[in-house]
Structures are given as C-alpha cells and as structure tokens.
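Peer 1:
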Amino acid sequence: MSTSNSKTVSLVLGSGGARGLAHIGVIHWLEENGFKIKSIVGCSIGAVIGGIYAAGKLDVYEQWVRCLTKVDILTLLDLSWDKSGLVRGDKLVNTLIGLVGEKLIEDLPISFTAVAADLRGQKEVWIRSGSLFDAMRASFAIPLFFTPFKYKGVDLVDGGVLNPVPIAPTSGDQTDITIAVNLNGPPETPTEPAVVSAAPQSPTSPFREKLNRFISRLQPSTPGGGNRDWGPYEIAIQGFEAMQSTIARLKLAAYPPDIVIDIPRNVCKTLEFDRAAEIIALGYSKAKNSGLAASAGKR
463 MSTSNSKTVS LVLGSGGARG LAHIGVIHWL EENGFKIKSI VGCSIGAVIG GIYAAGKLDV
523 YEQWVRCLTK VDILTLLDLS WDKSGLVRGD KLVNTLIGLV GEKLIEDLPI SFTAVAADLR
583 GQKEVWIRSG SLFDAMRASF AIPLFFTPFK YKGVDLVDGG VLNPVPIAPT SGDQTDITIA
643 VNLNGPPETP TEPAVVSAAP QSPTSPFREK LNRFISRLQP STPGGGNRDW GPYEIAIQGF
703 EAMQSTIARL KLAAYPPDIV IDIPRNVCKT LEFDRAAEII ALGYSKAKNS GLAASAGKR
C-alpha cells in the first residue's frame, strides 16, 4: 500500500510492564497495513518501546528481548536497597544504549513524548527534548521498585502513577487518527496467541552473544542482595497496577481516542519479559481485531 494513501497515526503506548511487549505487535500490524506513525506518546514501557521505534531500532530491540531469559532479567536489575527504590535502573538503560545508541529526542524522525510524574508537584511531566534514554528512565521509574530519576532538578517517577494512557499530549498532532494501546484492559481467559512474521532468535544468535557481552560488563551486584525478600515489592507492584487500571478507565473516558486496543491486564506479570514472543503475538492479534482493518488506507 502506498504511503500517499496511508492514514497518519498518533500512537499512544501505555504503561504495564512486560505487557508492553504487545506494543511491538501493534506496531508491526500498523506498518503492515499501511498506517504511517507520525507521532508517539509513551508512558513507562510505552516510552521505552515508542522511543526505540522512533529511533529506528525496534528490530534490534525486538530480537534482543526475544532472547531474554529469567536469569538475564534478574541480572539486568541493579539492586540499590536504599529508601527510594529497590533498583537503580542503570544496568538496563546502559544495555539499551549499547543496543540503540545515544539519541536526542529532537533529532528523531518521529515526534516523541515520554510522560513521567512529578510526585512533589503532583503533575505530569511531558519530556519532548534532550536525551532519549533520560526520558525513558524517568518514565519507567515505578515507585518503590525503581529509584526516582532526577530530571532538571526534579525527582520523577513512572508516568503511570498519574496517567497510564496519556492521550492529552497528542492534542496538537496533525494526524488522521489517534490510537491508544491500553495495557490495563479487562482480564481474559488465556488463549493461543496469533503468530507474527518475525521469528524468535535462537539462543546462539548474534543478539544472544551481544546480550551476553553487555551482561558480563554489568554483572557486579550489590553484596548480600541475593538474600533480600522480594515479597513487599511484589505487593507494591500489584497495588500500583490495580491503581493504573482504575486511572486508565477514567482517562480514556475523559480523553477518548479514535481507537483503543486493550491488552488484558492478566496476560503476564510485570517482569515476565522472557515471554516476549507470545506477548508480541498477542499485540499483533489485538490490533488485527480492533476494527482498524476496515479503515486501513482510507482517508
């Protein structure tokens, strides 16, 4: 389908941990069906995937994340054990920088906004310039789990605290349609996901080797951290997700986009990034069945 006949899209990618891998499947379906993404607003994992897509490196990220194992995920969490959060997030960000490269938001070919939250000021912060990875780090700082990120002198945390599906930043976009991907959708009985075209990488792929090199550099961890009880943090994350689900419903009612693609909130746990293949496939399937197919390419 030619670009001239494509509908232009403002794409809003919501927060929700590993469920956000569904964003990749949604993007695949949009691209395959003639939609042209002109603007991305992302919150938490939505900021990570949206920013990497805007930087033109989603294929690199996807092949990397498809290789992740549970052990890899734990290794990438650099424990801090201080009062402000369990994990610093430096290992994860440095690994992503190694894969994608340093980028400035204003240099990206697609308009990009990362949404974080200023708890002291009790307001959203829309980050539209500066370091792409600073914006990501601020946006995914889940309270208690990740330490806050200081941005221009202000401590910022996960944007999902105030707005898990941030539609408002798209209000000035000159696009044909606004699509929001809500990762806090109604729970569903698990079903066999659809298959997307990109195949999982084998454990011996170049991306597996690249991942191993990064992890080996970042391997040192906090002494004694392995014996810490994770129970309270798991409860905190569950509480955070319950809050996000309620806020998402209110925000979508207040600022309705043209299309909402709901990803069931029970599809996986927050840190189950080792299930990338099936979650990406689920996103693809949800986009395919969202009603967008009827309007693909029509102006």
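Plus 462 on top of the position in the sequence shown (first one is 1) and you've got the numbering used here.
Ideal Cβ positions, reconstructed from N, Cα and C, are used throughout, including at glycine.
Considering only residues of the region 565-635, which uninterrupted alpha helix (DSSP H) runs meet the minimum length of 4 residues and lie entirely inside it, listed in chain order?
Peer 2: 594-601
Peer 1: Counting Cβ pairs, one atom from each stretch, are 3 or more of them under 8 Å apart for the region 525-541 and the region 581-588?
Peer 2: no
Peer 1: In chain order, which continuous runs of the beta strand (DSSP E) of length 3 or greater are located wholly inside the region 470-517?
Peer 2: 470-475, 498-505
Peer 1: Determine the burial state of G512: buried for a count of at least 16 other Cβ atoms within 10 Å of its Cβ, exposed for fewer.
Peer 2: buried
Peer 1: Using 8 Å as the threshold, is the C-beta distance between F595 and L558 below it?
Peer 2: yes
Peer 1: Quick one: measure Cβ to Cβ for L714 and V722, integer angstroms, because I've assumed they're closer than 8 Å.
Peer 2: Confirmed, Cβ separation roughly 6 Å.
Peer 1: Excluding the 5 residues preceding and the 5 following A710 in the sequence, name in chain order all residues of the same chain whose CB lies nearer than 6 Å to its CB.
Peer 2: In chain order, P626, V627, N644, N646 place their CB closer than 6 Å to the CB of A710, counting only its own chain and leaving out the 5 sequence neighbours on each side.
Peer 1: I502: buried (16+ other C-beta within 10 angstroms of its C-beta) or exposed?
Peer 2: buried
Peer 1: Tell me whether L733 sits in a helix, a strand or coil according to DSSP, three-state version.
Peer 2: coil
Peer 1: Which class does T708 belong to by DSSP, given the choice of helix, strand or coil?
Peer 2: helix
Peer 1: Within the same chain, show all residues whose beta-carbon is closer than 8 Å to that of E703, passing over the 5 residues directly before and after it, in chain order.
Peer 2: Within the same chain, E703 has close Cβ partners G478, G479, N646, R727, T732.
Peer 1: Among residues of its own chain, excluding the 5 on either side of A755, which ones have a beta-carbon nearer than 6 Å to its beta-carbon?
Peer 2: none
Peer 1: For G541, which of helix, strand or coil comes out of DSSP?
Peer 2: Sequence inspection shows Leu at residue 541; the Gly mentioned does not correspond to that position. Correct three-state label for L541: strand.
Peer 1: Report yes or no: do the region 478-495 and the region 736-751 share at least 3 C-beta pairs separated by less than 8 Å?
Peer 2: Taking one beta carbon from each stretch, the region 478-495 and the region 736-751 have 3 or more pairs nearer than 8 Å; the two touch.
Peer 1: Give the secondary structure of L645 by DSSP, where H, G and I count as helix, E and B as strand, and everything else as coil.
Peer 2: strand
Peer 1: Does the region 571-579 come close enough to the region 492-507 to have 3 or more Cβ pairs within less than 8 Å?
Peer 2: yes
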